[in-house]
Amino acid sequence: MKTKKMLSLALTGVLSMSLLAGCGGSSSGSAQTSAPAPSSSGGSDGEPVKVAMLLTGYINDAGWNQSAYEGLQMAEEEFGIEGAYTEAVPQPDFETVLRDYADQGYDLIIAVGNELSDATLAVAGSFPDTTFAIMNGNSAQAPNVGAYRFNTPQSGFLAGAIAAMYSTDGTVGMIGGTTAPHIKDCVDAFAEGAKYIDPDITALTGYTDSMTDVAKGKEMGMAFIEQGADVLCANANSCSLGVIDAAKEKGIRHIGYISDQYDVAPDTVMVSVVQSNQFMIRAIVESVINGEFTPELHLFGMSEGALYLSDYHGHDDQLTDEQKAKIDEIIEGIKDGSLREAGILPKSTFEQ
9 MKTKKMLSLA LTGVLSMSLL AGCGGSSSGS AQTSAPAPSS SGGSDGEPVK VAMLLTGYIN
69 DAGWNQSAYE GLQMAEEEFG IEGAYTEAVP QPDFETVLRD YADQGYDLII AVGNELSDAT
129 LAVAGSFPDT TFAIMNGNSA QAPNVGAYRF NTPQSGFLAG AIAAMYSTDG TVGMIGGTTA
189 PHIKDCVDAF AEGAKYIDPD ITALTGYTDS MTDVAKGKEM GMAFIEQGAD VLCANANSCS
249 LGVIDAAKEK GIRHIGYISD QYDVAPDTVM VSVVQSNQFM IRAIVESVIN GEFTPELHLF
309 GMSEGALYLS DYHGHDDQLT DEQKAKIDEI IEGIKDGSLR EAGILPKSTF EQ
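What follows is the structure in structure tokens.
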């Protein structure tokens with residue numbers, strides 16, 4: 009699959025914790041449609057390509073769902089697609105919402121999350137003329153379902169290494185929302201990255217079993233802090249905001265993940281390891297518009313530009329020149345494959 013240069017997007021519109029807790033934005037299960045921007049790109053009949061998006065969380069979670077929604081907005085602007093989305097779709101409604109969009113004639117339906125995999129695969133067979141893309145999907149399905157994943161050991165390893173550099177007490181922690189393979193890959197690699205910097209460091213890991221419960225995230229964050237963690241990180245969608253809140257309340261550091269989470273807690277979030285949903289969605293939409301879609305599993309990493317380190321927002325002054333040089337070295341080692349070849353960087357569960 010061909011992709012062009014990565015678009016970078018500053019995280020915008022991050023809402024306060026209280027607004028998130030109130031589940032701001034549109035009501036659960038309510039489809040929202042944005043007017044398409046003018047563009048020469050369109051379907052075979054000259055009409056704009058219609059793209060629908062299903063999200064299991066909210067578009068103001070400062071993470072996975074918000075960045076996916078921003079990717080849809082970018083595609084509207086760049087390609088002139090007609091975009092629609094439904095946020096916070098509950099599991100019993102997965103197939104219904106998918107079928108509704110397909111019945112309405114959407115050309116591409118993007119399912120944002122591994123939990124939508126089974127429903128998408130079940131529905132796609134009934135709509136062979138509709139293209140389906142599953143972000144963090146388990147598998148593809150001919151002729152019309154593609155699965156798209158980030159190489160999460162790369163981002164987890166880098167986050168762990170940076171956390172170890174910011175730690176002064178020798179204990180760091182990584183919290184995952186579920187034990188889904190891509191999240192477990194990230195959490196396990198975080199521990200490996202921390203130990204790559206300091207073999208004697210204690211790397212605490214755990215799972216909240218929720219991607220949306222902010223209170224659970226804060227509870228586990230507090231538990232890790234009580235065990236001595238002075239740097240935390242989390243891959244748990246909205247739940248991550250609770251982890252950040254725990255770090256902020258206790259005056260320790262946090263490494264952002266998925267999106268640049270600096271604006272959530274500017275004095276707490278040192279830097280973020282970004283998984284660019286904007287990059288992934290652009291690649292998916294472009295492949296459909298150009299007729300290059302393939303029903304395969306596509307894995308994106310740092311060498312493609314889908315994973316990268318955010319701006320430090322001034323917090324790099326807390327690192328030594330040697331530490332900053334080491335971070336650059338790790339990034340290059342991930343990009344050129346040398347850390348993987350040396351057996352230092354773990355292999356993704358989905359690596360072909």
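Counting from 9, one number per residue, gives the positions in the sequence shown under my numbering. Even for Gly, the Cβ is constructed at its ideal location relative to N, Cα and C.
The DSSP assignment places 125-132 as complete runs of the alpha helix (DSSP H) inside the segment 119-172, in order along the chain (cut-off: 4 residues).
Rounded to the nearest whole angstrom, the CA to CA distance from H262 to V251 is 9 Å. Between the alpha carbons of I170 and D193 lies a gap of roughly 17 Å. Three or more Cβ pairs closer than 8 Å define a contact, and the segment 151-162 falls short of that threshold against the segment 324-334. The beta carbon of A273 lies closer than 6 Å to those of I252 and K256 in the same chain, with the five residues before and after it left out. If you draw a straight line from the Cα of Q99 to the Cα of G121, it comes to about 12 Å. Per DSSP, reduced to three states, the secondary structure at G341 is helical.
If you draw a straight line from the Cα of D137 to the Cα of A70, it is about 34 Å long.
Here DSSP, grouped into helix, strand and coil, assigns S311 to coil. For G225, DSSP records no beta bridge to any residue. Between the alpha carbons of A350 and D196 lies a distance of about 17 Å. Under a 10 Å Cβ-count criterion, P207 is classified as exposed, with fewer than 16 other Cβ atoms of the shown protein chains found around its own Cβ. The beta carbons of M310 and M143 sit no closer together than 8 Å. Three or more pairs of CB atoms, one per stretch, sit closer than 8 Å, so the segment 110-126 contacts the segment 54-69.
Excluding its 5 nearest sequence neighbours in each direction, T179 has C-beta neighbours in its own chain below 6 Å: T210, G236 and A237, listed in chain order. In this structure, the beta-carbon distance from V59 to I89 falls below 8 Å. For the options Y215, S295, V57 and L317, the alpha carbon positioned closest to that of N245 is the one of Y215.
In this chain, G259 is not harboured by any alpha helix (DSSP H), its DSSP state being neither H nor E. Of the residues assessed, A223 falls on the exposed side of the cut-off, its CB having fewer than 16 other CB atoms within 10 angstroms. Per the DSSP secondary-structure output, C241 pairs in a beta bridge with M182 and I263.
Counting the other Cβ atoms within 10 Å of the Cβ of Q112 gives fewer than 16, which makes it exposed. If the five residues before and after M230 are omitted, its C-beta is found closer than 7 Å to the C-beta atoms of A254, all from its own chain and listed in chain order.
Between Q74 and S267, the C-beta gap is smaller than 8 Å, which places the two residues in contact. Where Y204 is concerned, there is no enclosing beta strand (DSSP E), although the alpha helix (DSSP H) around it starts and stops at P189 to I205.
In the DSSP assignment, M278 falls outside any alpha helix (DSSP H) and lies within the beta strand (DSSP E) extending over V277 to Q283.
Residue range F102 to D111 is occupied by the alpha helix (DSSP H) that includes T104.
According to the DSSP secondary-structure assignment, Y316 is paired through a beta bridge with V282. Under the three-state reduction of DSSP output, L116 falls in the strand class.
By the Cβ test, the segment 314-324 is in contact with the segment 278-285, since at least three Cβ pairs between them sit closer than 8 Å.
R290 and A96 do not touch by the CB rule: their CB atoms are close to 24 Å apart, not below 8 Å. Taking a contact as a CB-CB distance under 8 Å, the pair T139 and L116 counts as one, their CB atoms being some 5 Å apart. With a contact defined as Cβ atoms closer than 8 Å, A202 and A172 qualify at about 4 Å. The DSSP-derived three-state label of A76 is helix. For L353, no beta strand (DSSP E) encloses it, and the DSSP letter there is neither H nor E. The continuous beta strand (DSSP E) containing Y215 extends over residues T210 to Y215.
Here T187 is exposed. Its C-beta has fewer than 16 other C-beta atoms within 10 Å.
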